[in-house]
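All remarks here apply to the structure that follows.
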Ligand code: FCB
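Below, the structure written as structure tokens:
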């Protein structure tokens, strides 16, 4: 197995000062690079609905959301925002807002209902129609293969803790790559594998709702393997010009104090939040200390000879999803129990082997999710990866905020808090670009209000308001504001 990487080796590379563009640091409106993509993101289960149509079968999220007590108010994605039937109008809306890119995901069970074997043509046809509609309107499609909706049949066979799931994913990747590789150039294997592994199999607040720390770590490795095998399968099936990456919810982890114990808590959580994925994906090795800190949970015997080579595929870009930072401290006597880490209420920790680390609420204003607003964290995150993997193009593949939006009597929806949030975070992205980071685009989460997983429909992240009774879409004031930024490629002064 290759040598583990150390935190020092990750931060030693520095950026060339000549990459600082003088015009980018002048005052006045902040100009983004000319070909910067202005996007919005969604995912299949959160928006499509039509869960029983055209051969689609249940994924783990269908099962989970239909299990009493798993989601707020028992909400499910059965209907969601009917995007499966309204995709044409939704693309027209994107065009109206002047978006230049759209990030969406493919529902695995529309393509392979049992998670294996030949593809269902009708399922692939839906995504082909969607992509053609986008291309007709000059919107660059950015396709994510896996946004958490594992075929239920594969979960019945053991799910991500089982090695075979990685091979199944590679087969699926090859099928979709062959079907859409002629018209989609931006390909993402996995969205936020941390959530799939640690919320799905650790704390159990996400599907499939298991609470087994050893299974969570096995899942993490098999997701890494799925990424590597999937990236290879995609490349084998698609034209060479296409670009393959991954979207990680890389976390910014801060310490309550500079004490050695608190800094060690940061190192350990960083290994579990970031290193467990970035290490193998970007550097071909698990990070130093990860195996030791989790030794009581697993012996990592599931990592086989050759896996790290298979995982460590060249990446064409890295997607960063950012919402809020985490704040931790050493807490030798911390009881295992509900934590303030912003990932939902559960008696089980999503952090294997970290029962002696406490999570704290970061000070500052918060969104409706209870997540602290900290745009500096986005700059920090981008710069970390700009240094860690110099030359690798970055995209902010998700960033946004939930607020309790309500239409005014005249039907308009004003969301000045979201505008403030987006403005501050886009300014942080701009600062990172000025500091030399190669950020190629920004995707607002989300295009429209949708099924927010265990929180159901109560949390609205959309730039477009959805009336869930009528399915009417109304762009909020933030959507109009974002359209202005996209049209000019410039971020003006914040008009609060
Ligand atoms: C991310 C998910 C996305 C959405 C946002 C709020 O973790 O990728 O689907 O739920 O959070």
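Residue numbers (our numbering): 6 to 501. Glycine is no exception: its CB is placed at the ideal position from the N, C-alpha and C atoms.
- Residue 141 has its alpha-carbon roughly 46 Å from the corresponding atom of residue 354.
- Distances from the alpha-carbon of residue 485 to those of 100, 64, 59, 51 put 100 closest.
- Counting only residues of its own chain and dropping the five nearest sequence neighbours on each side, residue 173 has a CB closer than 7 Å to the CB of 120, 121, 159.
- Shown here for residue 406: same chain residues with a beta carbon closer than 6 Å to its own, the five before and five after excluded, namely 372, 423, 426 in chain order.
- Residue 35 and residue 320 have their C-alpha atoms some 29 Å from each other.
- Annotation for residue 482: the continuous alpha helix (DSSP H) segment containing it runs 482-493.
- The shortest CA-to-CA distance from residue 445 to any of 476, 328, 322 is the one to 322.
- Where residue 362 is concerned, the enclosing beta strand (DSSP E) starts and stops at 362-365.
- Ranked by how close their Cα comes to the Cα of residue 187, the residues 352, 66, 280, 137 have 137 in first place.
- For the pair residue 290 and residue 284, the CB atoms are nearer than the 8 Å cut-off.
- Put simply, the backbone Cα of residue 303 is about 15 Å away from that of residue 360.
- For the set 383, 259, 244, the Cα lying nearest the Cα of residue 404 is the one of 383.
- Following the DSSP letters along the chain, one finds residue 403 inside the beta strand (DSSP E) bounded by residues 399-404.
- Per DSSP, reduced to three states, the secondary structure at residue 285 is helical.
- Taken from the Cβ of residue 466, at least one heavy atom of the ligand FCB lies inside 7 Å.
- Our two residues, residue 260 and residue 358, have alpha carbons roughly 18 Å apart in a direct line.
- Under the DSSP assignment, residue 371 falls outside any alpha helix (DSSP H); it carries neither an H nor an E label.
- Within 10 angstroms of the beta-carbon of residue 207 lie 16 or more other beta-carbons, which makes it buried.
- For the segment 249-316, the full-length alpha helix (DSSP H) segments reaching 4 residues or more read 265-275, 295-298, 312-316 along the chain.
- Non-local beta-carbon contacts of residue 77 in its own chain, meaning distances under 6 Å to residues more than five positions away in sequence, involve 460, 461, 463 in chain order.
- Ranking 333, 442, 73 by CA distance to the CA of residue 390 puts 442 first.
- Taking 8 Å as the cut-off, the beta carbon of residue 210 is found closer than this to the beta carbon of residue 351.
- Residue range 444-450 is occupied by the beta strand (DSSP E) that includes residue 450.
- When the alpha-carbon of residue 56 is set against those of 480, 161, 67, 280, the nearest one is in 67.
- In the structure shown, residue 388 adopts helical secondary structure according to DSSP, grouped into three states.
- Ranking 300, 48, 449 by CA distance to the CA of residue 87 puts 48 first.
- Judged by DSSP in its simplified three-state form, residue 466 adopts coil rather than helix or strand.
- By alpha-carbon distance to residue 436, the top candidate from 385, 180, 276 is 385.
- Residue ranges of uninterrupted alpha helix (DSSP H) with 4 or more members, entirely inside the segment 131-202 and ordered along the chain, are 157-161, 169-185.
- Residue side-chain check: residue 450 places its Cβ nearer than 7 Å to a non-hydrogen atom of the ligand FCB.
- Here the segment 243-262 makes no contact with the segment 214-231; the two share fewer than three CB pairs at distances below 8 Å.
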